[in-house]
Amino acid sequence: GAVVSQHPSRVICKSGTSVKIECRSLDFQATTMFWYRQFPKQSLMLMATSNEGSKATYEQGVEKDKFLINHASLTLSTLTVTSAHPEDSSFYICSARDPGPFEKLFFGSGTQLSVL
Amino acid sequence: GQQVMQIPQYQHVQEGEDFTTYCNSSTTLSNIQWYKQRPGGHPVFLIQLVKSGEVKKQKRLTFQFGEAKKNSSLHITATQTTDVGTYFCAGSGGYNKLIFGAGTRLAVHP
Numbered sequence: 017g018a019v020v021s022q023h024p025s026r027v028i029c030k031s032g033t034s035v036k037i038e039c040r041s042l043d044f045q046a047t048t049m050f051w052y053r054q055f056p057k058q059s060l061m062l063m064a065t066s067n068e069g070s071k072a073t074y075e076q077g078v079e080k081d082k083f084l085i086n087h088a089s090l091t092l093s094t095l096t097v098t099s100a101h102p103e104d105s106s107f108y109i110c111s112a113r114d115p116g117p118f119e120k121l122f123f124g125s126g127t128q129l130s131v132l
Numbered sequence: 005g006q007q008v009m010q011i012p013q014y015q016h017v018q019e020g021e022d023f024t025t026y027c028n029s030s031t032t033l034s035n036i037q038w039y040k041q042r043p044g045g046h047p048v049f050l051i052q053l054v055k056s057g058e059v060k061k062q063k064r065l066t067f068q069f070g071e072a073k074k075n076s077s078l079h080i081t082a083t084q085t086t087d088v089g090t091y092f093c094a095g096s097g098g099y100n101k102l103i104f105g106a107g108t109r110l111a112v113h114p
């Protein structure tokens with residue numbers, strides 16, 4: 017199946033710094049990618065839909081100035097957590113839709129963000 | 005907005021026992037998907053159901069989609085320790101996005 021690569025897998029940063037997370041579709045083009053956030057032992061909460069060449073669509077309650085999304089190419093979407101605070105600590109995971117006939121998602125391996 | 009509810013939140017069984025998780029949507033779904041997430045891992049696609057009343061099987065796993073396309077279930081027969089993980093349903097109601105249920109964490113005791 018298709019492969020989605022996410023980097024870094026883990027990051028520890030100081031409060032107030034910005035962190036960039038990359039999500040790449042390795043063997044297919046993804047015009048749309050999705051960013052999720054997952055707290056321990058909880059479900060995946062959709063944060064935003066990243067659209068190649070246009071602005072991301074954010075879910076209700078997600079601060080677009082806090083979580084900057086850029087989808088500059090058909091294989092790369094980035095999520096930047098700006099001025100991170102301890103409450104931003106979480107597991108962030110990206111996904112891309114199967115380019116085939118099904119609507120299934122391929123997920124990246126996730127990024128564990130810890131803000132001190 | 006659209007909500008997808010999933011129960012139970014957690015279940016532990018003895019190896020060999022059966023397991024079922026249920027999913028309900030507040031709205032009619034165009035399709036429903038099931039994912040499995042192993043501890044420390046990322047979700048992996050299991051199956052997609054599209055048709056009303058559809059039933060699909062994958063070895064010991066049986067997936068059902070309700071007639072009204074608002075509910076679904078995953079049943080595992082004779083669980084094994086390799087079945088451990090969290091099972092998520094995800095509903096697609098439109099707008100090009102999936103809404104995930106809360107997940108059911110399955111623990112299997114040998």
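Chains as they are written, first to last, in this note's numbering: chain A, 17 to 132; chain B, 5 to 114.
Glycine is no exception: its CB is placed at the ideal position from the N, C-alpha and C atoms.
Query                                                                                                                                                                                         : Result
Among Lys71(A), Glu119(A) and Arg53(A), which one has its Cα closest to the Cα of valine 97(A)?                                                                                               : Arg53(A)
Is any beta-carbon of chain A found at less than 8 Å from that of phenylalanine 49(B)?                                                                                                        : yes
Using 8 Å for Cβ pairs, my map puts glutamine 15(B) next to phenylalanine 23(B). What's the rounded Cβ distance?                                                                              : 6 Å
Check the Cβ-Cβ distances between glutamate 68(A) and every residue of chain C, and say whether any is below 8 Å.                                                                             : Looking at the structure shown, chain C is missing, and the protein chains on hand are A and B.
Taking the CB atoms as reference points, tell me whether alanine 100(A) and cysteine 29(A) lie closer together than 8 Å.                                                                      : yes
Mapping DSSP to helix, strand and coil, what is threonine 85(B)?                                                                                                                              : helix
If you measure beta-carbon to beta-carbon, which residues of the stretch 40 to 73 of chain B are closer than 7 Å to chain A?                                                                  : His46, Pro47, Phe49 and Gln52
Check whether the Cβ atoms of glutamine 68(B) and valine 59(B) sit closer than 8 Å, and answer yes or no.                                                                                     : yes
Short check: CB of cysteine 93(B) to CB of valine 17(B), under 8 Å?                                                                                                                           : no
Would you mind listing the beta strand (DSSP E) stretches within the stretch 49 to 110 of chain A that are 3+ residues and don't spill past its ends, in chain order?                         : 60 to 67, 83 to 89 and 92 to 97
Return the chain-ordered ranges of every beta strand (DSSP E) run that is complete within the stretch 11 to 55 of chain B and spans a minimum of 3 residues.                                  : 14 to 18, 23 to 29, 35 to 41 and 48 to 53
Here's the rule: buried if 16 or more other CB atoms are within 10 angstroms of the residue's CB, otherwise exposed. What is proline 24(A)?                                                   : exposed
Let me check you understand the geometry: is the CB of lysine 80(A) closer than 7 Å to at least one non-hydrogen atom of the ligand NAD?                                                      : Among the components of this structure there are no ligands whatsoever, and the ligand NAD is therefore not found.
Might you give, ordered along the chain, the residues of its own chain that have their beta carbon closer than 6 Å to the beta carbon of threonine 42(B), omitting 5 neighbours on each side? : In the sequence under discussion, the amino acid at residue 42(B) is arginine, which differs from the threonine named in the question. Excluding residues within five positions, the ones whose Cβ falls inside 6 Å are Gly89.
Looking at the C-beta of glycine 126(A), does it have a partner C-beta in chain B at a distance below 8 Å?                                                                                    : yes
Hey, how far is the Cα of threonine 83(B) from the Cα of glutamine 10(B)?                                                                                                                     : 20 Å
Please list, in chain order, the chain A residues whose beta carbon lies closer than 8 Å to that of glycine 105(B).                                                                           : Ser59
Give, in chain order, every residue of the stretch 98 to 110 of chain A whose Cβ lies closer than 8 Å to some Cβ of chain B.                                                                  : Ile109
Under 8 Å, Cβ to Cβ, is there at least one residue of chain B near threonine 91(A)?                                                                                                           : no
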